[in-house]
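Report on the structure given below.
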Amino acid sequence: MGRFAVGILALPLLVVGGSAGAGTSPETFPLYWVGERVDGLPLAASLRRDDTARYVSFVYGDCEARSDAGCAPPAEIQVWPSCLRNLALYDDPQASVGRPPERISVRGVPAAFFDDGTRLELETEGSTIVVFAGSRGGALTIAAALRSLDDSVAAGHPFPARRKGVSQKEGVQSC
Amino acid sequence: MVPTFKDMHRFVLVVAAFVAVSLAGSPALAHLDAADRYTHNACPATAANRVDPVNVVFRTWGTWRRAESQIVSHTGWTATSGTTQSFADHGGCFPMHAQRASGHGPRFHVRWRGQHPDEALGWTATASAHHEDNVLFPLPCGHAVDSNGPGGSGFDQGRNELERRFTSAGHSAYRVWWGNTQSFKQCDGDYAASDGWTAFIEVHQVNH
Numbered sequence: 002m003g004r005f006a007v008g009i010l011a012l013p014l015l016v017v018g019g020s021a022g023a024g025t026s027p028e029t030f031p032l033y034w035v036g037e038r039v040d041g042l043p044l045a046a047s048l049r050r051d052d053t054a055r056y057v058s059f060v061y062g063d064c065e066a067r068s069d070a071g072c073a074p075p076a077e078i079q080v081w082p083s084c085l086r087n088l089a090l091y092d093d094p095q096a097s098v099g100r101p102p103e104r105i106s107v108r109g110v111p112a113a114f115f116d117d118g119t120r121l122e123l124e125t126e127g128s129t130i131v132v133f134a135g136s137r138g139g140a141l142t143i144a145a146a147l148r149s150l151d152d153s154v155a156a157g158h159p160f161p162a163r164r165k166g167v168s169q170k171e172g173v174q175s176c
Numbered sequence: 017m018v019p020t021f022k023d024m025h026r027f028v029l030v031v032a033a034f035v036a037v038s039l040a041g042s043p044a045l046a047h048l049d050a051a052d053r054y055t056h057n058a059c060p061a062t063a064a065n066r067v068d069p070v071n072v073v074f075r076t077w078g079t080w081r082r083a084e085s086q087i088v089s090h091t092g093w094t095a096t097s098g099t100t101q102s103f104a105d106h107g108g109c110f111p112m113h114a115q116r117a118s119g120h121g122p123r124f125h126v127r128w129r130g131q132h133p134d135e136a137l138g139w140t141a142t143a144s145a146h147h148e149d150n151v152l153f154p155l156p157c158g159h160a161v162d163s164n165g166p167g168g169s170g171f172d173q174g175r176n177e178l179e180r181r182f183t184s185a186g187h188s189a190y191r192v193w194w195g196n197t198q199s200f201k202q203c204d205g206d207y208a209a210s211d212g213w214t215a216f217i218e219v220h221q222v223n224h
C-alpha cells in the first residue's frame with residue numbers, strides 16, 4: 002500500500018498523488034479529510050491504493066498489532082472515485098445479505114450506514130467518502146468535520162451532490 | 017367418549033396452526049448474516065477488536081467440515097498454526113471452526129466458521145483468507161498480511177488463490193461487493209485492506 006509521510010508537508014504530494022512508492026498518477030476525484038486530528042485522534046497515516054482497489058485513505062489513531070493478528074485503527078476515511086464505488090453497488094441483494102444498509106442523508110447527499118453503524122458511506126459529486134469509526138456517533142462526528150482538501154467545501158457545509166441525469170450504474174461504466 | 021368429526025376437525029386445525037407457526041417462526045434466522053463482515057480477536061465482537069475482513073463464503077454444501085475437506089484437497093494447505101479468531105453471526109460471536117495454511121513462513125492462510133444455512137445459498141461457511149510474510153527485518157515481529165501491490169493486498173491475494181484453486185477443480189465461484197475495505201495495521205507497521213469483493217465458492221456434497 003502506498004504510504005505517505007504524515008503531516009502537512011505531505012499534503013501537496015498527496016494532492017498530486019505522488020510519493021515514494023505511492024504511484025505517480027494525479028487523483029482525478031475530489032479528496033476530503035478532517036485535518037490533522039479528529040475526535041481526539043491524530044492523523045497516523047495517509048495511504049493510496051491503485052491496484053485492485055483505488056482510493057486515498059486517512060487513518061486516525063493507533064492500535065497495537067501482533068504477529069498473525071492485525072488491528073483496526075480507531076478511525077479511517079477512505080475516498081474513492083464514485084465511478085468505482087457508490088451506493089448502487091449495494092442494490093445486489095447478496096451485497097447486503099441479512100442486513101440491508103440504512104439509507105440516510107448527510108449534508109445534503111445520499112448516505113448509508115453499514116456494519117452496525119461503524120461504516121458510513123457518503124455519495125458526493127465525483128467521490129464516495131467511506132468513514133470507518135467505532136460507533137455510529139463517531140462516524141457522524143467525522144462526517145460533520147469532513148472538508149475538501151482544496152478547501153472548496155468547508156466542514157459542516159453541504160457536499161456537492163452527484164449530477165442529476167447520471168445514474169450510479171452509468172457512472173460505474175464510465176469510470 | 018368417542019371423538020366426533022367436529023372434534024377431529026378442530027384437532028387437525030390446531031396441529032396445522034402449530035406447524036404453520038413453527039415454520040413461520042424459523043425463517044428469520046435461516047439466512048447468512050453478513051451484518052458483520054470481519055473476524056475478531058475476542059468476543060463479544062466490536063469494531064475495536066476486528067482483525068481481518070471476511071472475503072470468502074463457501075456455499076451450497078458449505079458446512080465447515082466439507083469446507084475443510086475441500087480446502088485441504090484443492091490447496092494442499094495442511095498447516096494448522098495460527099491464532100484463534102472469532103466470527104459474528106446473528107448478534108452472537110463464536111470461535112472459528114478451523115484454519116489451514118500453506119506452511120509456516122511466508123504463506124497463504126485461511127480461517128473459517130460454519131454459519132447459518134441460507135434459503136438461496138444453502139449451507140454456508142464464512143472465511144477470511146490472506147497471504148502473509150514472516151517479518152524478520154528490521155525487527156522480527158512474526159506474520160504480517162502483505163500490504164497491497166499489483167495483485168492487491170494480502171487479503172485479496174489469499175481470496176484470489178482460494179478462488180483459483182477451487183475453480184481449477186471445477187467448483188463454480190462468483191464475486192459479490194461487500195465493501196468491507198477497512199485498513200488493518202500489521203505488526204511491521206504497514207496497513208492491509210480488502211478490495212471489498214467477496215468470493216462465493218461452491219462446495220459440493222462429497223468429501224474428498
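Read top to bottom, the protein sequences are chains A and B.
This note's numbering puts the first residue of the first sequence at 2, with every later residue one more than the last.
This note's numbering puts the first residue of the second sequence at 17, with every later residue one more than the last.
C-beta: ideal position from N, C-alpha, C; glycine also.
- Put simply, of A/Gly139, A/Asp151, A/Val35, A/Ala54 the residue whose alpha carbon is nearest the alpha carbon of B/Asp172 is A/Ala54.
- Just so you know, the alpha carbons of B/Pro69 and A/Ala155 end up roughly 33 Å apart.
- In the three-state reduction of the DSSP assignment, A/Pro74 falls in the coil class.
- For B/Asn71, there is no enclosing beta strand (DSSP E), as DSSP gives it neither H nor E.
- When CB distances to chain B are screened at a threshold of 7 Å, the residues of the region 47-59 of chain A falling below it are Leu48, Arg50, Asp52, Thr53, Ala54, Ser58, in chain order.
- Residue contact with chain A for B/Leu48: present (Cβ-Cβ distance below 8 Å to some residue of chain A).
- In the structure shown, the three-state DSSP call for A/Ala140 is helix.
- Chain B has a Cβ within less than 8 Å of the Cβ of A/Pro74.
- Taking each of A/Cys84, A/Ala76, A/Asp69 in turn and checking the Cα distance to A/Ile143, the smallest one comes out for A/Ala76.
- The region 100-118 of chain A and the region 55-63 of chain A do not touch, with fewer than three beta-carbon pairs separated by less than 8 Å.
- Taking 8 Å as the CB threshold, B/Cys109 stays off the interface with chain A.
- Counting only runs that start and end inside the region 147-180 of chain B, the beta strand (DSSP E) elements of at least 3 residues fall at 158-161.
- Beta-bridge partners assigned by DSSP to A/Leu85: none are found.
- A direct Cα-Cα distance of roughly 21 Å separates A/Pro101 from A/Trp81.
- Assignment of A/Glu65 by DSSP, reduced to helix, strand and coil, places it in the coil class.
- With a cut-off of 8 Å on Cβ pairs, the region 151-162 of chain B is not in contact with the region 134-141 of chain B, counting fewer than three such pairs.
- B/Ser188 counts as exposed, since fewer than 16 other beta carbons sit within 10 angstroms of its beta carbon.
- Between B/Phe124 and B/His90, the C-beta gap is not smaller than 8 Å, which leaves the two residues out of contact.
- According to the DSSP assignment, B/His56 belongs to the beta strand (DSSP E) that extends over 54-56.
- Using a C-beta cut-off of 8 Å, the region 204-217 of chain B makes contact with the region 156-171 of chain B, since at least three inter-stretch Cβ pairs fall below that distance.
- Not one beta carbon of chain A lies nearer than 8 Å to the beta carbon of B/Asp149.
- With contacts defined by Cβ atoms closer than 8 Å, A/Ser83 and A/Gly139 do not form a contacting pair.
- Taking B/His56 as the centre and dropping the five residues before and after it, the same chain places the C-beta of Thr62, Asn65, Arg66, Val67, Gln101, Ser102, Phe103, Ala104, Cys109 closer than 8 Å to its C-beta, in chain order.
- For B/Glu84, the enclosing alpha helix (DSSP H) starts and ends at 80-91.
- Per DSSP, B/Glu218 is one residue of the beta strand (DSSP E) stretching across 213-219.
- Around the C-beta of A/Pro74, 16 or more other C-beta atoms lie within 10 Å, and the residue is accordingly described as buried.
- In chain order, Leu44 place their CB closer than 6 Å to the CB of A/Glu37, counting only its own chain and leaving out the 5 sequence neighbours on each side.
- Contact annotation: in the region 88-114 of chain A, residues whose CB is within less than 8 Å of a CB in chain B are Leu90, Tyr91, Asp93, Gln95, Ala96, Ser97, Val98, Gly99, Arg100.
- At a beta-carbon threshold of 8 Å, the residues of chain A lying near B/Ala51 are Gly99, Arg100, Asp116, Asp117, ordered along the chain.
- The three-state reading of DSSP puts B/Thr96 in coil, since its state is none of H, G, I, E or B.
- DSSP lists no bridge partner for B/Cys203.
- Taking the CA atoms as reference points, A/Leu150 sits about 41 Å from B/Gly98.
- Counted as a single uninterrupted DSSP element, the beta strand (DSSP E) harbouring A/Ala113 occupies residues 110-115.
- Per DSSP, the unbroken beta strand (DSSP E) holding B/Ser102 starts and ends at 102-105.
- In terms of Cβ geometry, A/Asp116 and B/Arg53 form a close pair [threshold 8 Å].
- Beta-bridge partners assigned by DSSP to A/Tyr33: A/Ser149.
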